[in-house]
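Working notes, beginning with the structure itself.
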Amino acid sequence: MSENDKKQWYNELGSEYMSFIKRFVLASGSLKALAKVYAVSYPTIRLRLDRVIERVKILDEQRDSSPFERELSLLYAEGKMDESTFTTILAAHRRQGEDA
């Protein structure tokens, strides 16, 4: 496997996200059917799909970013940190890289 292949978004998604995508495909893209599979409401499954989409976007767009920056972006996309914290940590990390 080449270095470029290792950086493909689907190689970094994780089993939980891949399982969700598999179930989504098997449900023919029906969020209503997927909500039944997970026994949750439609808005809950829509939110989960939105998070998967954001994760894929980040992993695909930031292939050349450092692992730290990708992980930080993923945490922000998943709602695990607010925007102010995200931008502060990212700026500090980039400053540290410039000083090195």
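Residues in the sequence shown are numbered from 1 upward in steps of one, following UniProt numbering.
A virtual CB, placed ideally from N, CA and C, is assigned to each residue, including glycine.
query                                                                                                                                : result
What's the call for ALA39, buried or exposed, on a 16-neighbour Cβ count within 10 Å?                                                : exposed
Return the residue from the list ARG46, PRO67, LEU31, MET18 that minimises the CA-CA distance to ARG93.                              : Sequence check: residue 93 is His here, not Arg. For HIS93, the nearest C-alpha among the options comes from PRO67.
What are the boundary residues of the alpha helix (DSSP H) that includes TYR38?                                                      : 31 to 38
Does the beta carbon of PHE20 sit closer than 8 Å to a beta carbon anywhere in chain D?                                              : Any reference to chain D falls outside this structure, which holds one protein chain only.
With a threshold of 16 other CB atoms inside 10 Å of the CB of GLU61, please say whether the residue is buried or exposed.           : exposed
For ILE45, is the classification buried or exposed, using 16 other Cβ atoms within 10 angstroms of its Cβ as the cut-off for buried? : buried
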